[in-house]
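Structure first, commentary second.
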Amino acid sequence: WRLYRDRNQAATYSDKIGTIVTNTAYSKDEYRERHYEYNLHSVDVVATYKASWADKHHFQALAGMNFESRRTTDLTVDQFGVGNMSLSTFNSVNDDTYYTISQDITAYKTLGFFGRINYDYLEKYLFEASFRADGTSRFADGHRWGYFPSASFGWRFSREPFMAGTKSWLADGKLRFSYGALGNQQVSDYSYLETIDLSQLSYLFDGTGRPKYASVSDPVSSSLTWETVGTYNFGLDLSLLDGRLNFTGDYFIRETKDMLTTSLTLPSVYGASTPKENCADLRTNGWEVQLGWKDQFKLGGKPFQYGVTGTLGDYRTIITKFNNPDRVFSNYYVGKELGEIWGYHIPKLFSSNEEAAAYQVAVHQASNIYQRVYNMSGGGLGYLMAGDMMFEDVNGDGYINSGEGTVDNPGDMMIIGNSLPHYNYSMRFDFAWNNFDLGIFFQGVGKRNWYPSPNQDDVYGGSRLWNLYGYTLTSFISTDYKDNIWTEENPDGYFPRLRPIQSYNGGPLGTVNDRYLQDVSYLRLKNVTFGYTIPFKKSFISSCRLYFAGENLWYWSPMKKVTKYVDPELAVATGTYITSKMSGTTGTGYTMPLTLTMGLNINF
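In this note's numbering, the protein residues as written are 73 to 676.
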């Protein structure tokens with residue numbers, strides 16, 4: 073159980089130089105007790121069997137079951153108007169105050185049965201099959217069980233008689249094929265039930281008391297069941313030149329069926345959130361290769377060992393089923409590639425006031441993109457000028473808009489990038505000589521796009537990329553803006569004419585476009601470790617190694633040409649804002665920390 077005492081609190085901050093603002097959080101003195109209980113019971117039973125015949129046939133079998141039961145109870149009592157905050161008791165409250173009691177009880181159970189068999193003949197033909205049956209209390213009766221088979225086959229072709237002539241250069245070779253299914257039940261414990269919540273108002277009616285009221289939860293789908301992910305994998309393993317050169321390649325097809333997600337967005341007059349259903353399918357095609365080389369030679373009369381390993385992979389995910397017949401591109405639609413970013417084309421910044429004025433006459437004033445410009449008061453800034461962004465009227469209708477917001481009628485919008493990481497790669501170097509060892513690891517992404525969020529979706533400043541184009545009192549102004557802003561003296565500046573609040577919704581920078589779509593591909597020196605193993609020949613110490621290590625020591629990215637204050641690896645992973653599944657987030661999280669470590673490992 074826990075005790076809480078809350079009193080009035082005041083916070084001060086400075087929103088600009090020379091001013092102090094005081095913000096008071098108004099609340100009555102409060103005493104709260106909370107009692108929380110969590111119970112978990114689990115049972116796992118596994119039986120195995122292993123046998124071999126004539127040193128040729130090898131067989132293993134496994135069977136088992138697992139059960140898990142979880143129950144939580146959370147009881148909270150709040151009493152306001154506490155007379156003596158130094159006493160941890162409800163007896164210290166005034167008689168005319170009110171209290172609230174809330175209790176939350178949840179229970180969840182799973183039951184699973186599984187089995188697996190393995191067989192190989194001369195370690196040349198390899199076979200494995202498994203099966204799972206899982207039941208969960210998160211779905212309604214009749215929908216609680218899911219069944220997930222898996223199988224794999226491997227052929228070590230290098231051991232075939234007809235491959236005898238390759239032993240001088242082929243140490244090992246294997247073909248692999250597998251299929252495996254997994255289930256997903258990541259929904260709330262009672263997602264198939266509509267609930268009625270009883271609450272109490274915080275104010276009085278006619279001085280007679282605080283009335284209670286009931287509210288019904290959002291609609292649910294009672295037919296929810298397991299989401300199934302089935303993966304086909306084709307692989308090739310090669311070991312060449314006495315194991316010095318190694319190659320591994322995989323190609324996979326992953327099909328997600330009955331995906332647990334919300335269906336097409338309902339109109340606001342519906343008055344409730346769209347229920348989660350098994351309403352989507354998607355297919356992912358991907359590949360990954362790994363190539364490694366290791367060898368050694370004499371250096372100073374002692375062996376110098378070295379190795380290098382590189383990996384490269386990519387994947388694409390396409391929606392194959394979703395109830396969106398109009399193909400509204402702000403939601404899932406059949407044929408949509410996950411991560412695609414829709415935006416406008418910016419061919420240039422206006423080079424003169426005359427060009428901007430002619431464009432403003434040609435493009436209808438109802439275009440929402442420039443409303444932040446047109447609504448500016450004072451200083452004669454309420455019209456387009458040299459250095460402002462030119463949005464291309466792609467369909468030539470005199471409006472800059474998204475048409476009907478569909479794939480077939482996107483107006484002036486188009487797919488301009490993808491927010492998911494593609495061409496993930498890594499490179500590792502290892503060296504060892506005379507008890508010294510050195511490891512270097514690089515990691516990166518070859519292709520990824522990011523569009524920063526509008527400013528009003530992040531308190532007082534929004535994305536670090538927008539700076540002065542956002543909230544006028546922002547406390548973060550990066551120094552690398554100096555030569556990047558368009559001015560009459562700097563007509564080749566990357567950023568447009570400086571205007572405040574242009575990165576808000578309804579402003580040019582707050583509208584996703586290809587000019588300011590960022591390339592957040594990167595190469596990072598992820599880790600460097602240098603060590604020395606101190607030799608002990610006759611000692612109670614068996615080994616002693618001293619090492620120094622560094623994490624996140626350096627990175628390169630095209631993003632550095634624009635700003636050094638946004639970490640490309642975190643640009644999409646941080647923040648909370650995503651525009652209709654189309655753009656990235658604020659990029660205001662902390663960068664990957666540089667870490668230096670020194671350590672000593674001793675074994676006795």
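Note that CB positions come from ideal geometry on N, CA and C, so glycine has one too.
Problem - Cα-Cα separation between Ala-83 and Gly-207, rounded to whole angstroms - result: Because Ala-83 carries a pLDDT of 47, less than 50, the predicted location of this residue cannot be relied on, and the following value inherits that uncertainty. So the alpha carbons of these two residues sit roughly 51 angstroms apart.
Practice task
Count the CB pairs spanning the region 564-575 and the region 387-403 that are closer than 8 angstroms, and state whether there are at least three.
Solution key: no
Exercise for the section: Could you check what DSSP says for Gln-132 in three-state terms: helix, strand or coil? Expected result: strand
Problem - Residues that His-113 bridges to, as DSSP identifies them - result: Ser-141
Handout entry: Per-residue DSSP class, three states only, for Asn-599
Key = strand
Handout entry: Sub-9 angstroms separation of Arg-142 and Tyr-180 beta-carbons
Key = yes
Practice task
Locate the beta strand (DSSP E) running through Asn-305, then write down its first and last residues.
Solution key: 299-312
Practice task
State the Cα-Cα distance for the pair Gly-411 and Trp-522, rounded to the nearest angstrom.
Solution key: 10 angstroms
Practice task
Tell me, please, whether the region 300-308 touches the region 319-326 by the rule of three or more beta-carbon pairs shorter than 8 angstroms.
Solution key: yes
Exercise for the section: Apply the 10 Å Cβ neighbour rule to Phe-670 and answer buried if 16 or more other Cβ atoms are within range, or exposed otherwise. Expected result: Correcting the residue identity first, residue 670 is Met in this sequence and not Phe. So Met-670 ends up on the exposed side.
Exercise for the section: Only counting runs of 3 or more residues, tell me where the beta strand (DSSP E) segments fall wholly within the region 392-421, in order along the chain. Expected result: 412-415
Problem - Residue range of the unbroken beta strand (DSSP E) whose run includes Asn-256 - result: 242-256
Practice task
Could you round the C-beta distance between Arg-617 and Asn-673 to whole angstroms and report it? I think they count as a contact, below 8 angstroms.
Solution key: 5 angstroms
Practice task
For Trp-209, I'd like the list of residues in its chain whose CB is within less than 8 angstroms of its CB, leaving aside the five on either flank, ordered along the chain.
Solution key: It is Ser, not Trp, that sits at residue 209 in the sequence shown. Here the set comprises Ala-179, Tyr-180, Lys-181, Thr-182, Arg-216 and Asp-261.
Practice task
Examine the Cβ distances between the region 500-520 and the region 605-625 and report whether three or more of them are shorter than 8 angstroms.
Solution key: yes
Problem - Cα-Cα separation, Tyr-619 to Thr-601 - result: 7 angstroms
Handout entry: Segment contact, 8 angstroms Cβ cut-off, at least three pairs: the region 488-501 with the region 464-480
Key = no
Handout entry: Alpha carbon of Arg-587 to alpha carbon of Ala-434, nearest angstrom
Key = 22 angstroms
Practice task
Classify Met-235 as helix, strand or coil using the three-state DSSP reduction.
Solution key: helix
Exercise for the section: Within its chain, find whatever has a CB closer than 7 angstroms to the CB of Asp-176; leave out the 5 residues flanking it on each side and keep chain order. Expected result: Asp-146
Handout entry: Classification of Asp-314 by the beta-carbon crowding that lies within 10 angstroms, buried from 16 upward
Key = exposed
Exercise for the section: Kindly list the residues whose CB is nearer than 6 angstroms to the CB of Trp-125, restricted to its own chain and excluding five residues on each side of it in sequence; keep chain order. Expected result: none
Exercise for the section: Determine, using beta carbons only, whether Ile-472 and Gly-415 come nearer to each other than 9 angstroms. Expected result: no
Problem - Under the three-state DSSP convention, the category Ile-606 falls into - result: strand
Handout entry: Lys-420 versus Trp-628: straight-line alpha-carbon distance, rounded
Key = 27 angstroms
Exercise for the section: Indicate whether Thr-144 and Ile-173 have their beta-carbon atoms separated by less than 9 angstroms. Expected result: no
Exercise for the section: Determine, using beta carbons only, whether Ser-311 and Gly-237 come nearer to each other than 9 angstroms. Expected result: no
Exercise for the section: With Val-361 as the anchor, note down where its alpha helix (DSSP H) starts and where it stops. Expected result: Careful: Val-361 lies outside any alpha helix (DSSP H), inside the beta strand (DSSP E) at 348-371.
Handout entry: Coarse secondary structure for Ala-643, derived from DSSP in three states
Key = coil
Problem - For Tyr-541, the nearest candidate out of Glu-560, Val-517, Gln-574 and Ile-512 (CA to CA) - result: Gln-574
Practice task
Please say whether Gly-252 and Phe-225 have beta carbons closer to each other than 9 angstroms?
Solution key: no
Problem - Segment contact, 8 angstroms Cβ cut-off, at least three pairs: the region 478-485 with the region 350-359 - result: no
Handout entry: Classification of Leu-194 by the beta-carbon crowding that lies within 10 angstroms, buried from 16 upward
Key = exposed
Handout entry: Run of the beta strand (DSSP E) containing Tyr-497, from where it starts to where it stops
Key = 494-505
Exercise for the section: Could you spell out where the beta strand (DSSP E) holding Arg-326 opens and where it closes? Expected result: 317-334
Exercise for the section: With DSSP as the reference, label Phe-229 as helix, strand or coil. Expected result: helix
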